[in-house]
Amino acid sequence: MANTTLTNIAAELTEVAAKLRERTVKVKSGSLGVGSGVIWQADGLIITNAHVATSNRATVELADGRVFDAVRTQFDPQQDLAALKIVATNLTAATIGNSEALRVGELVLAVGNPFADSGAVTTGIIHANNPRAVMADLQLYPGNSGGPLADCQGRVVGINTMIVNGLAVAVPSNTVERFLQGNSRPQLGVTLQPVLLSRRSLGLLVLSILPNSAAETAGVQIGDVLIGVSERLFTSMNDLTKYLYDSKGSVPLKLLRSGKQFVIYVEVQSGKTAVEAT
1 MANTTLTNIA AELTEVAAKL RERTVKVKSG SLGVGSGVIW QADGLIITNA
51 HVATSNRATV ELADGRVFDA VRTQFDPQQD LAALKIVATN LTAATIGNSE
101 ALRVGELVLA VGNPFADSGA VTTGIIHANN PRAVMADLQL YPGNSGGPLA
151 DCQGRVVGIN TMIVNGLAVA VPSNTVERFL QGNSRPQLGV TLQPVLLSRR
201 SLGLLVLSIL PNSAAETAGV QIGDVLIGVS ERLFTSMNDL TKYLYDSKGS
251 VPLKLLRSGK QFVIYVEVQS GKTAVEAT
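FYI, full-length UniProt numbering numbers position 149 of the sequence shown as 149, with every residue one higher than the one before it.
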């Protein structure tokens with residue numbers, strides 16, 4: 001009886017993984033390597049990480065081998081999210097789950113394209129869950145960024161983005177839905193990629209800077225690493241957005257450049273940011 005149960009569970013997980021692989025795509029943007037993405041809607045809407053979709057145009061390869069030119073339609077580097085659109089219809093879209101319903105210890109699967117391999121699958125359990133990030137005890141590698149984190153029923157509950165202290169971190173699916181609704185939030189105008197600084201903190205590496213943005217006006221440079229606000233160091237990829245969104249007036253943003261620490265003052269006003277460097 002036990003062997004039969006285990007066989008059934010294995011068969012069900014294999015089926016779930018196969019369906020997730022069909023809904024996971026390869027994304028190539030700019031000069032970076034291949035990342036991953038999720039077919040969010042059947043009309044050609046693809047969700048991935050901002051640090052994967054670094055330019056306005058990208059190439060998307062579906063699981064069946066078809067390749068499409070994609071246009072970036074939405075972009076939020078502070079939440080590490082980007083939306084791409086391809087000219088295609090009747091795609092097999094992912095089933096989106098409720099990330100807030102996840103429980104610690106729940107089994108999850110991640111699918112992506114590590115080292116350009118197609119549809120690699122890894123499993124683990126939920127380590128922690130909050131409105132800003134889902135953390136799971138599973139392996140992610142370069143190329144997994146932008147791919148789906150799903151529950152054992154195949155419902156996508158997050159977009160994988162990085163490893164911190166040995167744990168996989170994903171943007172919650174509910175955050176993605178709010179991102180797609182276009183909720184206004186402060187923006188610096190930079191593309192960021194999380195980098196681990198220590199066991200308790202992380203930095204946000206500046207990969208690119210939007211023209212005429214607050215960051216460009218302040219003199220932020222590609223290669224700078226944002227490390228915190230006031231005396232609070234970043235421990236989550238969404239900390240920057242949270243601090244800017246919740247703050248009023250001048251916000252001291254700390255960054256590292258060539259081994260030296262600088263402070264940039266961000267003025268948060270009406271959902272937009274003006275930046276002044278000192």
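Don't be surprised by glycine CBs; every beta carbon is placed ideally from N, CA and C.
No experiment lies behind these values; they were computed from the predicted model shown.
Item	Value
is_contact[Thr122, chain B] using C-beta, thresh 8 Å	Absence of chain B from the displayed structure is noted, only one protein chain being present.
N- and C-terminal bounds of the alpha helix (DSSP H) containing Thr217	214–218
Gly158 CB to nearest heavy atom of the ligand GDP below 7 Å	Of the ligands one can find in the structure shown there are none, so the ligand GDP has no counterpart to examine.
Backbone secondary structure at Ile222 - three-state DSSP	coil
For Gly35, the residue or residues it bridges with in DSSP	Val27
Span of the alpha helix (DSSP H), counted from its first residue to its last, around Phe179	173–180
In DSSP terms, what Ala120 is bridged to	Gly112
Per DSSP, cross-strand counterpart(s) of Gln187	Answer by DSSP bridge pairing: none, since Gln187 is not bridged.
DSSP beta-bridge partners of Val195	Gly203
Given Leu13 as reference, the closest of Val134, Phe68, Gln153, Leu140 once Cα atoms are compared	Gln153
Length of the line joining the Cα atoms of Arg257 and Leu202	15 Å
Buried versus exposed call for Phe234 [16 or more other C-beta atoms within 10 Å across all chains shown]	buried
Length of the line joining the Cα atoms of Val195 and Leu204	6 Å
Contact check, Phe179 vs Gln74, beta carbons under 8 Å	yes
Opposing strand residues paired with Ser208 [DSSP bridges]	Thr191
Start and end residues, beta strand (DSSP E) containing Thr48	45–48
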